[in-house]
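In order, the protein sequences belong to chains A and B. Position 220 of the first sequence, counting from 1, maps to 214 under the numbering used here, and the rest follow consecutively. If you want the numbering used here, it's the 1-based position in the second sequence plus 29. Below you'll find the structure, written out as C-alpha cells, and then a few comments.
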Amino acid sequence: MSLRARLLLTLGLTLALLWGVAAAWLMRDLEEKFVETLDQRLAQSARMVAGLVLQLPFDVWEDAEHPVLSIPPIEGLACQVHSPQGEIMARTHADMDAILAPGEGGHTYRQAGDVTWRVFTYERGGIVITTADRMDERDMLLGGVIRMTVVPFIVALVGSMFALWLGVWRGLAPLTRLRESLANRHPDALAPVATYGLPKEIRPLIETLNTLLERVQQTIIREQRFTNDAAHELRTPLTAIKTHLQVARRVEGQAAITSLNYAEEGVVRLSSTLDQLLTLARVEGRVRFDDGEASRVADVAEHALADSQHNKSARFVVSPHWPDVALAMPRELAITALRNLLDNAINHGPADALINFDAQWEPGERHLTFSVSDQGPGVDGATIEQLTQRFWRASKQQGSGLGLAIVAAIAERFGGEVTFVSPAEGGFTARLVVPVAGS
Amino acid sequence: MHVLLIEDDPLVASGIRAGLMTFDFVVDHVSTGSAARQAMRTVASDVVILDRGLPDGDGLQLLAEWREQGNDVPVLVLTARDAVRDRVDGLQGGADDYLVKPFDLDELVARLHALLRRVAGRSSGLIAHGALCLDPTAREVYVDEQLIMLSRRELVLLETFLQSPRSVLSADQLKDSLYGMNDDVESNALNVHIHHLRRKLGSGVIETVRGLGYRLGKPEAVHAAGTPYKGQL
Chain A
-5 MSLRARLLLT LGLTLALLWG VAAAWLMRDL EEKFVETLDQ RLAQSARMVA
45 GLVLQLPFDV WEDAEHPVLS IPPIEGLACQ VHSPQGEIMA RTHADMDAIL
95 APGEGGHTYR QAGDVTWRVF TYERGGIVIT TADRMDERDM LLGGVIRMTV
145 VPFIVALVGS MFALWLGVWR GLAPLTRLRE SLANRHPDAL APVATYGLPK
195 EIRPLIETLN TLLERVQQTI IREQRFTNDA AHELRTPLTA IKTHLQVARR
245 VEGQAAITSL NYAEEGVVRL SSTLDQLLTL ARVEGRVRFD DGEASRVADV
295 AEHALADSQH NKSARFVVSP HWPDVALAMP RELAITALRN LLDNAINHGP
345 ADALINFDAQ WEPGERHLTF SVSDQGPGVD GATIEQLTQR FWRASKQQGS
395 GLGLAIVAAI AERFGGEVTF VSPAEGGFTA RLVVPVAGS
Chain B
30 MHVLLIEDDP LVASGIRAGL MTFDFVVDHV STGSAARQAM RTVASDVVIL
80 DRGLPDGDGL QLLAEWREQG NDVPVLVLTA RDAVRDRVDG LQGGADDYLV
130 KPFDLDELVA RLHALLRRVA GRSSGLIAHG ALCLDPTARE VYVDEQLIML
180 SRRELVLLET FLQSPRSVLS ADQLKDSLYG MNDDVESNAL NVHIHHLRRK
230 LGSGVIETVR GLGYRLGKPE AVHAAGTPYK GQL
C-alpha cells in the first residue's frame, strides 16, 4: 500500500469517525435540551394560567355568560382549566376534553388518534390546569434545528477531507519527484541525487543514499582500474611473445633463436603474472588454504628463504633462534607472504648487501612480527602509501606489481597488517604482523 | 622508412623492432616520453608508433604536445587497454590509427604503410611513378612490369623519394630514413645509393638540386637500364 493511500485512509477514517462521534453527541444533547426546554415552556404556561385564574374572584366564573370560557388558542399549545369540582372552567380547544382531562401531576404522553400529545397537569388551590403540546410539531421543530446544525457539519467534514487530500498530495510531492528522477536515471549513472528542495525529513535519507552511491562508484572505478591494469599486465607479455614468434618465422639462424629466447622470456613473465593474479584472487576470495599442518615459525621462515633464494644469489642475515610458536594462519600463505617480502628486498637492495630476516615475539603475546630489511635506496613517504596497491611497481623491469599487494591481502585476511619503514638515510624495512595460534 | 618506436616494455620493443626491420623499416626505439621528445627534435621520422603507458606519463600527452606544435607526423597508438573510451580518447587526441595489443605483425606493417600512403595522398597500396611501380609490402620494384633487383637500402631510399614526389629532400632527411640514430654511416654512403639507383632506373630518376638536396625525377625519366639488372646487390 502506498504511503499516500495509507495516510489518506488513516487520517480520513479518523477524521470521519471523530466528526461522526461529535455530531452524535451534539445531537443527543440537543434533543435532551430541546425536550427539556419545551417541557419547561409547557409547565410555565400552566403556572401562568393558574396564577391568572386564582387572582380572579370566584364569582366571575358563576356570572359568566357561558359556563365554559373559551380562550383563543396559541399555536401548538392547548390549555384547559378545571374547577375543584372537576368542571371545565376554561379551555382553548373545545374538542380536546379527553387529552386535557386532569390526570396525575407532571408530564405525560397522551395519544389521540394518530397524534401524540405531551401533556402537563398542574394543580393549585383546587384548580387543575392541563397544558399540552403536539408532538409532531415538536418533532418538526427539532428536525429543523437538526438540519440547520447538520449542514455546516457536512460542509466542514467535506472541506477537511479535501484539505487532507491536498495536504497529503502536496506533502508527498517531493517524494514523487524524487521517485521519478530516480526512475528516469540511466542505470550506470551514479552521480549523487540532488537534495535541493527536499524536506528535511527526507534529506538525511538521500544523503545516506548519496554516500552509498559514492562508495559504489569508487568500488567500480577501483575494479575498472584493476581490470584495465590486469589487461595491460597480461597483454604486454603476450604481445612480446606473439611479435617475437612472428619475427622468428620470418628470419633465420641466430636471429630466429634470439627471437625465440625473447618469446620464452615473455612466457615466463606471463606465467608469473598469472600465478600472482591467481594467488591474489584466492587470498581475497573465500578459498580455504588449510592443509592441516601447523605453521611453525622456523619452518615457515625456512621455506620462504628456500623459495626466494633459488634463482638469485642474495645474502641473508637470518634470526639464529626463531620463536618456538605456531602461526594462526595456513602455512602456505605465511610462506607466500614472507617469500614476497624477501623477493622485494632482493630486487630492491644492492646486489651484494645483506638482508636481515628476523621475527619478534614475547611469550604470551597474541601477534608475532616478522621483519625484512634491505639496504636499498628505500622509497619516499608518498610511495609507501602506494606499495600495496595492485599493479603498482617501482619500474617496468621489476616483477608484476602484485607481490606486496598479496602480502597485504594475506595480512588483512588473518587480522594482521604489513607496514613499511624507509628512513631518509636509506634502507627499507617491511614488518609483517601475524596472529599466533592460541595454545 | 624511418619509424620512431616509443614503447617502455623492452621485450615488446625488441619484438616490434626486429619485426619491422624484416620489413625494411628503419627503427629507432626510445622508452620514455622525454627521450621521445628529444628524438622527435633530432630525427625526421616518417611515422611514429606510440605506446600509451609510458613511465613518465601518458603517450597521448606527448601526442597532444606534438599536434599543438603543428607536428603532423602520422602516429599509430599502441595500447593494451581496449575500452572503447580509450580508443576514442586516442583518436580524438590526434592519433591517426589505433592498435590493441597483442597485434599481428603483418597488421602493424599494413597499417604503417596505410598511414604513409595516406600522408602521400595515395589510395592504392602500390606506388607508381611513370613506368616505375613499387610494392611497399612485398618490397619489390617493377619498371614496365619487369622486376628490378634493388638492395634493401636502395629500395628504402627510392621509397622515401616516392613518398614525397614533389619535395626536395635534404641529405640529412634522406639519411634519417635510411639509418637509425645509432647506425654508423659513412659520409658518402648516400651518394653511393643514389648512384646505384640512377644506374638501375635511369640517370633522371633522381635529380640533384644544388645546395638543397635531391628530388624525384620526372615520371618519363624512368626506364629500366637495358635488361633486368643481374649484378651483385
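Glycine included, every Cβ here is placed at the ideal spot set by N, Cα and C. Quick caveat: nothing in here was measured; it's all calculated off a predicted structure.
Neighbouring residues, chain B, relative to Ser253 (chain A) (Cβ below 7 Å): Stepping through the first sequence from its first residue, residue 253 (chain A) is reached at position 259. Within 7 Å Cβ-Cβ: Ala47.
Within 7 Å, strictly: CB atoms of Arg387 (chain A) and Gly395 (chain A): Here residue 387 (chain A) corresponds to residue number 393 of the first sequence, with the count starting at 1. Here residue 395 (chain A) corresponds to residue number 401 of the first sequence, with the count starting at 1. Yes, the pair counts as a contact, with Cβ atoms nearer than the cut-off.
Beta-carbon separation (whole angstroms), Leu79 (chain B) vs Gly122 (chain B), contact threshold 8 Å: Residue numbering aside, residue 79 (chain B) sits at position 50 when the second sequence is read from its first letter. Residue numbering aside, residue 122 (chain B) sits at position 93 when the second sequence is read from its first letter. No, Leu79 (chain B) and Gly122 (chain B) are not in contact; Cβ-Cβ is about 10 Å, not under 8 Å.
Backbone CA spacing between Leu151 (chain A) and Ala18 (chain A) [nearest angstrom]: What you label residue 151 (chain A) is simply residue 157 of the first sequence in a count that begins at 1. What you label residue 18 (chain A) is simply residue 24 of the first sequence in a count that begins at 1. When rounded, the distance between both Cα atoms is 14 Å.
Secondary structure, alpha helix (DSSP H): runs of 4+ residues fully inside the segment 66 to 101 of chain B: 88 to 97
Exposure of Gln261 (chain B), with buried meaning 16 or more beta-carbon neighbours within 10 Å: One-based indexing of the second sequence puts residue 261 (chain B) at position 232. For Gln261 (chain B), the pLDDT reaches just 38, beneath the cut-off of 50, and the residue's location in the model is therefore unreliable, although a value from the coordinates is still provided. With fewer than 16 other Cβ atoms within 10 Å, it is exposed.
Amino acids of chain A, ordered along the chain, whose beta-carbon sits closer than 8 Å to that of Arg110 (chain B): Taking the second sequence and counting its residues from 1, the one referred to as residue 110 (chain B) is at position 81. Going along chain A in sequence order, the residues near Arg110 (chain B) (Cβ under 8 Å) are Asn222, Ala225 and His226.
Residues that DSSP places opposite Val197 (chain B) in a beta bridge: Within the second sequence, residue 197 (chain B) is the residue found at index 168, counting from 1. Paired residue(s): none; Val197 (chain B) is not in a bridge.
Distance between Arg182 (chain B) and Lys259 (chain B) (C-alpha atoms, nearest Å): Residue 259 (chain B) sits at position 230 when you count from the first residue of the second sequence. Residue 182 (chain B) sits at position 153 when you count from the first residue of the second sequence. Low per-residue confidence applies at Lys259 (chain B): pLDDT is 41, beneath 50, and the placement is therefore not dependable enough to give any value.
Cβ of Ser43 (chain B) within 7 Å of any chain A Cβ: In the second sequence, the residue the question calls residue 43 (chain B) occupies position 14. By this cut-off, Ser43 (chain B) is an interface position.
CB contact check: Tyr256 (chain A) to chain B, cutoff 7 Å: Translated into the one-based positions of the first sequence, residue 256 (chain A) becomes position 262. Yes, Tyr256 (chain A) lies at the interface with chain B (some Cβ there is under 7 Å from its Cβ).
Length at least 4, wholly inside the segment 104 to 129 of chain A: the alpha helix (DSSP H) runs in chain order: none
Option in A:Ser365, A:Leu228, A:Leu166 and A:Gly286 with minimal Cα separation from Leu(-3) (chain A): Numbered from 1 along the first sequence, position 3 holds the residue referred to as residue -3 (chain A). Looking from the CA of Leu(-3) (chain A), the closest CA among A:Ser365, A:Leu228, A:Leu166 and A:Gly286 belongs to A:Leu166.
Closer than 7 Å to chain A by CB, Pro194 (chain B): Here the question's residue 194 (chain B) lines up with position 165 in the second sequence. Judged by the 7 Å Cβ criterion, Pro194 (chain B) is not in contact with chain A.
Residue(s) in a DSSP beta bridge with Ile349 (chain A): Here residue 349 (chain A) corresponds to residue number 355 of the first sequence, with the count starting at 1. Ile349 (chain A) is bridged to A:Phe310.
Contact check, Met210 (chain B) vs Asp57 (chain B), beta carbons under 7 Å: As a working note, residue 210 (chain B) is residue 181 in the second sequence. As a working note, residue 57 (chain B) is residue 28 in the second sequence. Here Met210 (chain B) is near Asp57 (chain B), since their CB atoms are less than 7 Å apart.
Spatial distance of Arg266 (chain B) from Ala225 (chain A) (CA atoms): Outside the shown range of chain B, which is 30 to 262, sits residue 266 (chain B), and nothing can be said about it.
C-beta contact flag for Pro248 (chain B) and Arg229 (chain A) at 7 Å: Locating residue 248 (chain B) in the second sequence gives position 219, where the first residue counts as 1. Locating residue 229 (chain A) in the first sequence gives position 235, where the first residue counts as 1. No, these two residues do not count as a Cβ contact at 7 Å.
Three-way DSSP call (helix, strand, coil) for Gln175 (chain B) in this model: Translated into the one-based positions of the second sequence, residue 175 (chain B) becomes position 146. Strand, per DSSP.
Contact test: Leu9 (chain A) Cβ vs the ligand MN heavy atom, cutoff 6 Å: The ligand MN is absent from the structure shown, which contains no ligand whatsoever.
At least three beta-carbon pairs within less than 8 Å, the segment 223 to 242 of chain B to the segment 194 to 205 of chain B: yes
contact_flag[the segment 204 to 213 of chain A, the segment 176 to 193 of chain A] where n(CB pairs < 8 Å) is 3 or more: yes
C-beta neighbour in chain B for Val187 (chain A), strict 7 Å: Taking the first residue of the first sequence as 1, we reach residue 187 (chain A) at position 193. With 7 Å as the cut-off, Val187 (chain A) does not count as an interface residue toward chain B.
Where the alpha helix (DSSP H) containing Arg22 (chain A) begins and where it ends: Here residue 22 (chain A) refers to the residue found at position 28 when the first sequence is read from its first residue. Counting along the chain, the alpha helix (DSSP H) containing Arg22 (chain A) begins and ends at Leu(-3) to Gln49.
Interface residues of chain A facing Leu130 (chain B) [CB-CB closer than 8 Å]: Position 101 of the second sequence, counted from the start, is the residue given in the question as residue 130 (chain B). The amino acid occupying residue 130 (chain B) in the given sequence is Lys; Leu does not appear at that position. Simply Arg229, Thr230, Leu232 and Thr233.
Interface positions of the segment 61 to 94 of chain B facing chain A (Cβ-Cβ less than 8 Å), listed along the chain: Gly82 and Pro84
Straight-line Cα distance separating Val138 (chain B) from Leu49 (chain B): Here residue 49 (chain B) is taken as the residue at index 20 of the second sequence, counted from 1. Here residue 138 (chain B) is taken as the residue at index 109 of the second sequence, counted from 1. Approximately 7 Å, taken between the alpha carbons.
Beta-carbon proximity check, Gly343 (chain A) vs Asp368 (chain A), cutoff 7 Å: Along the first sequence, one-based indexing puts residue 343 (chain A) at 349. Along the first sequence, one-based indexing puts residue 368 (chain A) at 374. Contact: yes.
Proximal residues, the segment 236 to 250 of chain A versus chain B, C-beta separation under 8 Å: Lys236, Thr237, His238, Gln240, Val241, Arg244, Val245 and Ala249: these are the residues of the segment 236 to 250 of chain A whose beta carbon lies less than 8 Å from some beta carbon of chain B, given in chain order.
CB contact flag (Val251 (chain B), Leu161 (chain B), <7 Å): Within the second sequence, numbered from 1, the residue matching residue 251 (chain B) stands at position 222. Within the second sequence, numbered from 1, the residue matching residue 161 (chain B) stands at position 132. The criterion of a C-beta distance shorter than 7 Å is satisfied by Val251 (chain B) and Leu161 (chain B).
Beta-carbon proximity list for Arg85 (chain A), same chain, < 6 Å, skipping 5 on both sides: Numbered from its first residue, the first sequence carries residue 85 (chain A) at position 91. Gln74.
Nearest neighbour of Val428 (chain A), chosen from A:Ala37, A:Asp346 and A:Val294 [CA to CA]: Sequence index remark: in the first sequence, residue 428 (chain A) carries index 434 (1-based). Checked all of A:Ala37, A:Asp346 and A:Val294; the closest Cα to Val428 (chain A) is A:Val294.
Residue-level contact to chain A via CB, Thr166 (chain B), 7 Å cutoff: In the second sequence, the residue the question calls residue 166 (chain B) occupies position 137. So, not an interface residue.
Chain-ordered neighbours of Thr237 (chain B) on chain A, where CB pairs are closer than 8 Å: As a working mapping, residue 237 (chain B) is identified with position 208 in the second sequence. Near Thr237 (chain B) there are no residues of chain A at all, since even the closest Cβ is about 36 Å away, more than 8 Å.
Buried or exposed (CB count within 10 angstroms, at least 16 for buried), Gly99 (chain B): As a position in the second sequence, residue 99 (chain B) is number 70, starting the count at 1. Gly99 (chain B) should be labelled exposed.
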